[in-house]
Amino acid sequence: MKKKFSFEVVISKNTEMLRFEWNGDSSIVLIGDRQIRLDPICYSNNCYSLLIDGQSFDILVHEANDTCQVLVNGKPFEVVLRDPKRLRKGSGSAEDSAGPMSVSTPMPGKVVKLLVQVGTAVQEGQGVVVVEAMKMQNELKAPKSGVVEKILVEENQPVNAGESLLIVK
Amino acid sequence: MFRKVLIANRGEIAVRVIRAARELGLSTVAVYSECDRAALHVRMADEAYLLGPSPSRESYLAMDKILRIAGSAGVDAIHPGYGFLAENAEFARRCHEAGICFVGPSARSMEMMGEKIAARKTAVGVGVPVVPGTEKPVRDVQEAQAAAVRIGFPILIKAAAGGGGKGMRLVEGPQDLASAWRDAQSEALAAFGDSAVYIEKYLERPRHIEFQILADRFGNVIHLGERECSIQRRHQKVIEECPSPLMTHELRQQMGEAAVRIARSCGYENAGTIEFLMDAQRKFYFLEMNTRLQVEHPVTELVAGIDLVKEQFKMARGDRLELCQEDVRWRGAALECRICAEDPENQFFPSPGRISFLRTPAGPGVRDDSGIYEGWTVPVYYDPLLSKLITFGNDRNEAIARMRRALREYQVLGIKTNLHFLESILTHEKFITGELSTDFIGRYFQPYPIHAIQPGPLQEIAAIGASLHKGIMGNEATPPGGDPESPWKLSGRLEAMRKKS
Numbered sequence: 007m008k009k010k011f012s013f014e015v016v017i018s019k020n021t022e023m024l025r026f027e028w029n030g031d032s033s034i035v036l037i038g039d040r041q042i043r044l045d046p047i048c049y050s051n052n053c054y055s056l057l058i059d060g061q062s063f064d065i066l067v068h069e070a071n072d073t074c075q076v077l078v079n080g081k082p083f084e085v086v087l088r089d090p091k092r093l094r095k096g097s098g099s100a101e102d103s104a105g106p107m108s109v110s111t112p113m114p115g116k117v118v119k120l121l122v123q124v125g126t127a128v129q130e131g132q133g134v135v136v137v138e139a140m141k142m143q144n145e146l147k148a149p150k151s152g153v154v155e156k157i158l159v160e161e162n163q164p165v166n167a168g169e170s171l172l173i174v175k
Numbered sequence: 021m022f023r024k025v026l027i028a029n030r031g032e033i034a035v036r037v038i039r040a041a042r043e044l045g046l047s048t049v050a051v052y053s054e055c056d057r058a059a060l061h062v063r064m065a066d067e068a069y070l071l072g073p074s075p076s077r078e079s080y081l082a083m084d085k086i087l088r089i090a091g092s093a094g095v096d097a098i099h100p101g102y103g104f105l106a107e108n109a110e111f112a113r114r115c116h117e118a119g120i121c122f123v124g125p126s127a128r129s130m131e132m133m134g135e136k137i138a139a140r141k142t143a144v145g146v147g148v149p150v151v152p153g154t155e156k157p158v159r160d161v162q163e164a165q166a167a168a169v170r171i172g173f174p175i176l177i178k179a180a181a182g183g184g185g186k187g188m189r190l191v192e193g194p195q196d197l198a199s200a201w202r203d204a205q206s207e208a209l210a211a212f213g214d215s216a217v218y219i220e221k222y223l224e225r226p227r228h229i230e231f232q233i234l235a236d237r238f239g240n241v242i243h244l245g246e247r248e249c250s251i252q253r254r255h256q257k258v259i260e261e262c263p264s265p266l267m268t269h270e271l272r273q274q275m276g277e278a279a280v281r282i283a284r285s286c287g288y289e290n291a292g293t294i295e296f297l298m299d300a301q302r303k304f305y306f307l308e309m310n311t312r313l314q315v316e317h318p319v320t321e322l323v324a325g326i327d328l329v330k331e332q333f334k335m336a337r338g339d340r341l342e343l344c345q346e347d348v349r350w351r352g353a354a355l356e357c358r359i360c361a362e363d364p365e366n367q368f369f370p371s372p373g374r375i376s377f378l379r380t381p382a383g384p385g386v387r388d389d390s391g392i393y394e395g396w397t398v399p400v401y402y403d404p405l406l407s408k409l410i411t412f413g414n415d416r417n418e419a420i421a422r423m424r425r426a427l428r429e430y431q432v433l434g435i436k437t438n439l440h441f442l443e444s445i446l447t448h449e450k451f452i453t454g455e456l457s458t459d460f461i462g463r464y465f466q467p468y469p470i471h472a473i474q475p476g477p478l479q480e481i482a483a484i485g486a487s488l489h490k491g492i493m494g495n496e497a498t499p500p501g502g503d504p505e506s507p508w509k510l511s512g513r514l515e516a517m518r519k520k521s
């Protein structure tokens, strides 16, 4: 019978270890040297009611990739969890702003206009490409100052969320 | 008399119109595009027919297809909702020619008011002031430059055929004119099929106040009071209310009469809205007339106690207005929040996708005009409006408190929404004191903080919740299949509790 599990969680930039334990008749979570007694129930798929010291929290969880979208009493949070027992991947850290950076669209849509060409010098925050989604035109901005190295799309081309549109070096 | 009506729209407004039609005993016909097969309006209507591929041009804007379906389904009337073909005079005319009643004004009134430059002339003709601007469309950047200098920056470039903030750009100074010009024209062309734009002086910190009017075909025109829609983002309304916090009896009378004069001057029939801007000295200027039902019509419905969509049907079938101006009474206060599929923490980018969880608010004074349901996928092809949350109270403070309570009860997962952004506006001191202006969001909420939600105790609770979820679901910490005896199998605990009690 599994009585314990733990996760590493990033809370306001600090990584914390959350250790959950079941000690017979109640469950607790250890965060650092604090111990919190929990009374959780799962009342429907992805829906939890959590009582802590008489305080009532209604929690909804939606998993998307590594991130959980969580509503606590209606307030939205994003939580990234890591199982400490899992092998960590190599550093794979975020792109270094000294190197090339790509401009990608956060939503599916259509490229309406390219505002730059390969070789154009751009300032950080300068509009480089216009994407239309849900009837609104949105200007995507250069993530850093530099030169447009590569353009990966054409005008009128449909694009998916997360797709790289161009590279600034 | 009508028996059957086609709703040439989708989303929450199609649902709203179906509800009104059903209350009047009318049979309803929905139309839909390929990606909307499972949409709520299709499920709710008595009949539903496919228009074609998802892009609006091939579906909700395709007049031929809509008229063909209207003919074969044998409808008496077409309600256009708002957007799409609602302000398209050609469509109204073709409905008429096909012997189908268009629920809205005549094509002629629409043309008189739909073209924004002509509408300004009409207003001036009946003694209603307008914001200074060009009297003709501006043809090129040079002409725009000259006009801007004459009128004085800041200026607004606006689509002559426009509405809803599409094809509109604010220009602070000459350096931004060329790019704003380009954007406004291309957006106007995309939205309205007409790239004509004109230039208007941008009033500093104005309030947007509009009047609802209702007119029958016998020349009776009344107004149902104002809505204040000053809370806007990129010229799109976000929060609307009735009454306006600054309204007085005298001002309402004065503005209402001006609105009625404008409606009369174009021989208006059915429901319409006259929009005004108001400056700091409470001087008002005619902005434009919307010859259709407005998105924000529910706040008027609650305060004036009138179902505007049912009135639209009654006016269209030739009923006489049951009310005269003196009969109109306003009671209490109402607010509306537009709930959109967008991510406030990422420049408000649209956030289409599957709604994995949805719980909507209820209780006293709450109305949810929604076009969505749990499990539905919000398509990428149309505007991101999911629902309109409307609250009513005996006064503005009660309506605000109810809205904050209701926003907290409104829970959506799977896509990003602006719910929390709306709540933070409703908590802002200047909103509560009613000091509104159309630059409110730009002034107090831009840039909207990336981490708008303060980390703290709730962040920790969220982390605990996510861990319990992952730990229990067996994705990470428990073996595949789980352990039926596990104390962490919480639904099991729930079961045990049920047995005990």
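Note that the protein sequences, when read in sequence, are chains A and B.
For what it's worth, our numbering labels the leading residue of the first sequence as 7, then goes sequentially.
For what it's worth, our numbering labels the leading residue of the second sequence as 21, then goes sequentially.
Ideal placement from N, C-alpha and C gives every residue a C-beta, glycine not left out.
In this text, all values refer to a predicted model and were calculated from it rather than measured experimentally.
### Beta-carbon gap between I492(B) and C48(A) smaller than 8 Å
Cβ atoms of I492(B) and C48(A): closer than 8 Å.
### Query
Would you call N162(A) buried or exposed, if buried means 16 or more other Cβ atoms sit within 10 Å of its Cβ?
The residue is exposed, with fewer than 16 neighbouring Cβ atoms inside 10 Å.
### Message
If contact is defined by three or more beta carbon pairs under 8 Å, each pair taking one atom from either stretch, is the stretch 240-256 of chain B in contact with the stretch 445-461 of chain B?
### Response
Yes, they touch.
### Query
Taking the Cβ atom as the reference point for each residue, do A65(B) and T48(B) lie within a distance shorter than 8 Å?
Judged by beta-carbon spacing, T48(B) lies within the 8 Å limit of A65(B), meaning their Cβ atoms are closer than that value.
### Query
Beta-carbon separation of T411(B) and A426(B) under 8 Å?
Yes, they are a contact pair.
### Query
Using 8 Å as the limit for Cβ to Cβ distance, is Q163(A) near chain B?
So, not an interface residue.
### Message
When you compare the CB positions of Y218(B) and V280(B), do they come within less than 8 Å of one another, or not?
### Response
A distance of 8 Å or more separates the beta carbons of Y218(B) and V280(B).
### Task
Would you verify that the beta carbon of A482(B) is, or is not, closer than 8 Å to some beta carbon of chain A?
Taking Cβ atoms only, chain A reaches closer than 8 Å to A482(B), which makes this a yes.
### Task
Look at the Cβ atom of F306(B), then the Cβ atom of M298(B), and state whether they are nearer than 8 Å.
Cβ atoms of F306(B) and M298(B): not closer than 8 Å.
### Task
Within the same chain, show all residues whose beta-carbon is closer than 8 Å to that of V109(A), passing over the 5 residues directly before and after it, in chain order.
Taken in chain order, the residues that qualify are V134, V135, L146, K147, A148, P149, S170, L171, L172, I173 and V174.
### Query
Taking only beta-carbon atoms, is S390(B) less than 8 Å away from chain A?
False, the Cβ-Cβ gap to chain A never drops below 8 Å.
### Task
Please check the pair G2(B) and V35(B), which I expect to be a contact at CB under 8 Å, by giving their CB distance rounded to whole angstroms.
The shown model of chain B, from 21 to 521, leaves out residue 2(B), and the question about it has no answer.
### Task
Find the residues of chain B that neighbour M140(A), judging by a C-beta separation of less than 7 Å, and give them in chain order.
Counting only Cβ-Cβ distances below 7 Å, M140(A) has contacts in chain B at P370, P372, V400, Y402, D403 and P404, in chain order.
### Query
According to the Cβ coordinates, are V25(B) and A41(B) closer than 8 Å?
Yes, they are a contact pair.
### Message
Which residues in chain B have a C-beta closer than 8 Å to the C-beta of N79(A)? List them in chain order.
### Response
Taking the beta carbon of N79(A) as reference, the chain B residues within 8 Å of it are R428 and L478, listed in sequence order.
### Task
In angstroms with no decimal places, state the Cα-to-Cα distance between R337(B) and G462(B).
Answer to the nearest angstrom: the Cα atoms are 44 Å apart.
#### Entry: Within the stretch 48-89 of chain B, ranges of the beta strand (DSSP E) (whole runs, at least 3 residues)
Counting only runs of 3 or more, we get 67-72.
### Query
Closer than 9 Å, Cβ to any Cβ of chain A: which residues of the stretch 204-233 of chain B, in chain order?
Of all residues in the stretch 204-233 of chain B, S206, E207, A210 and A211 have a Cβ within less than 9 Å of some Cβ in chain A.
### Query
Going along the chain, which residues of the stretch 120-148 of chain A sit with their C-beta nearer than 7 Å to a C-beta in chain B?
Here the close residues are A139, M140, K141, M142, Q143 and N144.
### Task
Note down the Cα distance separating P125(B) from A138(B), rounded to an integer number of angstroms.
Using only the alpha carbons, I get a separation of about 17 Å.
### Query
DSSP on C115(B), reduced to helix/strand/coil?
Three-state result, C115(B): helix.
### Task
Enumerate, from N- to C-terminal direction, the unbroken alpha helix (DSSP H) stretches of 4 or more residues contained entirely within the stretch 38-123 of chain A.
Listed in chain order, nothing qualifies, since the stretch 38-123 of chain A has no complete alpha helix (DSSP H) run of 4 or more residues.
### Message
Within a Cβ cutoff of 8 Å, which residues of the same chain sit near R424(B), ignoring the five residues on either side of it in sequence?
### Response
Around R424(B): E443, L446 and T447.
### Query
If the cut is a Cβ gap below 7 Å, which residues of chain A does L433(B) touch?
The CB of L433(B) comes closer than 7 Å to the CB of L66, H68, Q75 and L77 in chain A, given here in chain order.
### Query
Just checking, does the stretch 215-231 of chain B make contact with the stretch 402-420 of chain B on the three C-beta pairs under 8 Å criterion?
Fewer than three Cβ pairs drawn from the stretch 215-231 of chain B and the stretch 402-420 of chain B lie within less than 8 Å of each other, which leaves the two stretches out of contact.
### Query
If we call anything under 8 Å between Cβ atoms a contact, is E107(B) one with R312(B)?
Contact: yes.
### Message
Threshold first: 3 residues or longer. Then list the beta strand (DSSP E) segments lying entirely within the stretch 248-330 of chain B, N to C.
### Response
Runs found: 256-262, 290-298 and 304-310.
### Task
Note down, in chain order, every chain A residue with its Cβ under 7 Å from the Cβ of N366(B).
Listed along chain A, the residues sitting closer than 7 Å to N366(B) by beta-carbon distance are P112.
### Task
Identify whether A167(A) lies in helix, strand or coil by the three-state DSSP scheme.
A167(A) falls in the coil class under three-state DSSP.
### Query
Tell me the DSSP bridge mates of K147(A)?
According to DSSP, K147(A) shares a beta bridge with G133(A).
### Where G491(B) meets chain A, residues with beta-carbon distance less than 7 Å
G491(B) reaches chain A at F11 and F26, counting residues in chain order whose Cβ is nearer than 7 Å.
### Query
DSSP three-state call for G373(B): helix, strand or coil?
Residue state, collapsed to three classes: strand.
### Task
State the Cα-Cα distance for the pair G434(B) and F368(B), rounded to the nearest angstrom.
Each residue's alpha carbon lies about 16 Å from the other.
### Residue range of the unbroken alpha helix (DSSP H) whose run includes N20(A)
Run containing N20(A): none in the alpha helix (DSSP H); it sits in the beta strand (DSSP E), N20 to W28.
### Message
I want to verify the contact list: residues of chain B whose CB lies under 7 Å from the CB of P106(A), in sequence order.
### Response
Residues of chain B passing the Cβ test: none, with the nearest at roughly 22 Å.
### CA-to-CA distance, M188(B) to A536(B), given in whole angstroms
Residue 536(B) lies beyond the stretch modelled for chain B, which goes from 21 to 521, so this question has no answer here.
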